[in-house]
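Reading through the structure tokens given below for one structure.
There are 2 protein chains.
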Amino acid sequence: MTAAATSGQADRDVTPNTVHIRTPKRRPVVLATLTPVTVPPISPTAESRSEKKERTRRAILDAALRLTEDTGLAGLSLRQVAKEVGIVPTAFYRHFDSIDQLGLALVEESFGSLRAMIRDVRQGTPSLGQIVDSSVSVLVDHVRDQHAHFGFIARERSGGSKVVRDAVRREFQLFERELATDLARLPMDHWSADDLRILSNLIVSAMITTSEEILRADPRDLPDIQHRARTQLLMVIVGALNWKSNASG
Amino acid sequence: MTAAATSGQADRDVTPNTVHIRTPKRRPVVLATLTPVTVPPISPTAESRSEKKERTRRAILDAALRLTEDTGLAGLSLRQVAKEVGIVPTAFYRHFDSIDQLGLALVEESFGSLRAMIRDVRQGTPSLGQIVDSSVSVLVDHVRDQHAHFGFIARERSGGSKVVRDAVRREFQLFERELATDLARLPMDHWSADDLRILSNLIVSAMITTSEEILRADPRDLPDIQHRARTQLLMVIVGALNWKSNASG
DNA sequence: CCTTTCAGTGAACGTGCGTACACTGAAACT
DNA sequence: AGTTTCAGTGTACGCACGTTCACTGAAAGG
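What follows is the structure in structure tokens.
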């Protein structure tokens, strides 16, 4: 895909062929502003300057997310993004200082998705078996649903830019720590903080690999993957319980 | 038409400043060739044409391995590699059709390192606890030792080029399958092939994450990582044993 | 000895890249 | 109403890239 007919000439960069977000010719219909100043004219049709800027910013983020799917952030160029969004290359700088900064914004956003997933898992935590089941199915659903974000994380985790890579790493460590405190609430008698971290690190590892598999899997293989993830999670938990009681009674 | 030299100097690419591998002025001293033909003149100083080609090939592979450390294969250019090796860009094509082909060669080579590691682990397999200990310490040693290869795998596993990514994936699947047959030899009573695959998949996941951590870790954190890996591996194995006997005794 | 092979050369090409700079025109502010 | 702000424009630059092509000169081989 993404052919876009690169016509020769010189440095043209013409024909955005995607949505142009220039001002619509519609005039803003201000209803009845008794208060004369400082109140932004709220109206259904018009768009304030900052709203429009925000909209362009979003468009850039979305375009980047789409384009990195093929090449990774390393192979993403400012000009590509600009063309996809329908702005001139230099206008990019109105929103981000560099591609790296764009990457950091995407890291933040992507881990937002991940945190939303965790919130779903936390909703009521009955038996241990049910936790495992619901965790895995929530994981599968979210990864499919937010595949752009999860794919981005998977790619940039070991990707080209050091700043972005480090940002992803930091987020995962944070996440691992949160999981450890969650695990502490389960009935595991008197685990040390260290051991909890080790366990949650293992679980996060398995979760990452599972996510990567879900991302590239054919939809009809999903039940298999789900079954596997469920089994693995059980193995780990059961193992943790038994190992602990065996090793240090 | 349209010559239009962009600017004075234009396309220079001069000063390789690294080792030039042009022929040394030394003449090959052929000792006493009674057999007149087809036997390559073996002599300590001279280098046959194919030997020299092989040497350049190696230099290219090494240069690529070094350069991808910063940018990943995606950010690696033919010209960079050529400059690093000390040849002209076009000479690259004498050895590889494209950067992708170079990538595939590196995948093969890197998994060679991994297989060598496995061979080390297999050397005598006493008790289960010892297997875990030696496996982990061998892993840590090999990853530090062959960090270029392991780093390459880690990076390109989710990296830019689809061909390379798929090649890495295939190698890991192969590896996972081998581990499953290895596990079958351990005293785990009557596991199904499916369950063995699930278990080995989990172990490989943990191993990958551990390797990635070793790669970027400060050397003085290695004992911690080793301890963690050891604990995790034990958790998984103990868990697998107990889970199996519990679930489908 | 003469011919063929082929790793490496060197100039040239067209392209896409990041970035600088001066600009425009509508929204926002006073 | 007059001024300032600022998202987006358009041109131009120098640079690195992949790839082409005709070449060179030493090794290989008859």
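Chains A and B supply the protein sequences, listed in that same order.
Quick note: the first sequence uses our numbering, first residue 21, plus one each step.
Quick note: the second sequence uses our numbering, first residue 21, plus one each step.
Every residue, glycine too, gets a C-beta built ideally from N, C-alpha and C.
What you are looking at is a predicted structure, and each value in this text was computed from that prediction instead of being measured.
Check: Contact with chain B by Glu74 of chain A, beta-carbon distance below 8 Å; Outcome: no
Check: Assigned exposure category for Ala260 of chain B - 16 Cβ within 10 Å defines buried; Outcome: buried
Check: Length of the line joining the Cα atoms of Glu71 of chain A and Asp82 of chain A; Outcome: 16 Å
Check: Per-residue DSSP class, three states only, for Gln143 of chain A; Outcome: coil
Check: Expected contact under 8 Å - CB spacing of Arg175 of chain A and Ser178 of chain B to nearest Å; Outcome: 5 Å
Check: Short CB-CB distance (under 8 Å) between Glu255 of chain B and chain A; Outcome: Correcting the residue identity first, residue 255 of chain B is Met in this sequence and not Glu. It does: the Cβ of Met255 of chain B has a partner Cβ on chain A nearer than 8 Å.
Check: Test: Ala23 of chain B CB closer than 8 Å to a CB of chain A; Outcome: At Ala23 of chain B the pLDDT is 32, less than 50, meaning the model places this residue with poor confidence; the figure from the coordinates comes in the next sentence. Ala23 of chain B does not count as touching chain A.
Check: Within chain B, the residues that Glu232 of chain A reaches when beta carbons sit closer than 9 Å; Outcome: Arg177, Ser178
Check: Cutoff 8 Å: Leu222 of chain B Cβ touching any chain A Cβ; Outcome: yes
Check: Ile234 of chain A beta carbon less than 8 Å from that of Val256 of chain A; Outcome: no
Check: Classification of Gly270 of chain A by the beta-carbon crowding that lies within 10 angstroms, buried from 16 upward; Outcome: What the structure shows of chain A is the stretch from 21 to 269, and residue 270 of chain A is not part of that stretch, so it cannot be assessed.
Check: Own chain, CB closer than 7 Å to Val188 of chain B, minus 5 neighbours either side, in chain order; Outcome: Val127, Ile173, Glu176, Arg177
Check: Chain B contact for Ser212 of chain A (CB, 8 Å cutoff); Outcome: no
Check: Interface partners of Ala94 of chain B on chain A, CB under 8 Å; Outcome: Thr91, Gly92, Ala94, Gly95, Gly180
Check: DSSP-derived helix/strand/coil call for Asp241 of chain A; Outcome: helix
Check: For Phe131 of chain A and Gln193 of chain A, the rounded distance between their alpha carbons; Outcome: 12 Å
Check: Proximal residues of chain A, C-beta to C-beta of Ser155 of chain B below 8 Å; Outcome: None at all; the shortest Cβ gap to chain A is about 16 Å.
Check: 8 Å contact criterion, which Leu85 of chain A and Glu104 of chain A should meet: CB distance rounded; Outcome: No, Leu85 of chain A and Glu104 of chain A are not in contact; Cβ-Cβ is about 11 Å, not under 8 Å.
Check: With 16 other Cβ atoms within 10 Å as the buried cut-off, status of Gln252 of chain A; Outcome: buried
Check: C-alpha distance - Glu129 of chain A paired with Ala168 of chain A, whole-angstrom precision; Outcome: 11 Å
Check: Reference Ile228 of chain A; option with closest CA among A:Glu196, A:Asp244, A:Asp241, A:Ala213; Outcome: A:Glu196
Check: Where Ser220 of chain B falls: helix, strand or coil (DSSP); Outcome: helix
Check: C-beta atoms of Leu199 of chain B and Ser220 of chain B nearer than 8 Å; Outcome: yes
Check: Classification of Leu96 of chain A by the beta-carbon crowding that lies within 10 angstroms, buried from 16 upward; Outcome: buried
Check: Beta-carbon separation (whole angstroms), Val152 of chain B vs Trp263 of chain A, contact threshold 8 Å; Outcome: Going by Cβ atoms, the distance from Val152 of chain B to Trp263 of chain A rounds to 11 Å, so no, they are not a contact pair.
Check: Other residues of its chain near Gly180 of chain B: CB distance less than 7 Å, five sequence neighbours each side excluded; Outcome: Gly92, Leu93, Ala94
Check: Inter-residue Cα distance where the pair is Asp241 of chain B and Ile80 of chain B; Outcome: 33 Å
Check: Nearest-angstrom Cα separation, counted from Ser225 of chain B out to Ala237 of chain B; Outcome: 18 Å
Check: Any chain B beta carbon closer than 8 Å to Lys122 of chain A; Outcome: According to the sequence provided, residue 122 of chain A is Leu. The question's Lys does not apply to it. By this cut-off, Leu122 of chain A is not an interface position.
Check: Coil, strand or helix - Leu206 of chain B by DSSP; Outcome: coil
Check: Gln166 of chain A in three-state terms, based on DSSP; Outcome: coil
Check: 8 Å Cβ cutoff, Val188 of chain A in contact with chain B; Outcome: no
Check: Straight-line gap, Leu120 of chain B to Asp244 of chain A (C-alpha atoms, nearest Å); Outcome: Per the sequence presented here, residue 120 of chain B reads as Asp, with Leu not at that position. If I take the Cα positions, the gap works out to 32 Å.
Check: Beta carbon of Leu159 of chain B nearer than 8 Å to that of Ser212 of chain B; Outcome: no
Check: Environment of Asp186 of chain B [buried if 16+ CB atoms lie within 10 Å]; Outcome: exposed
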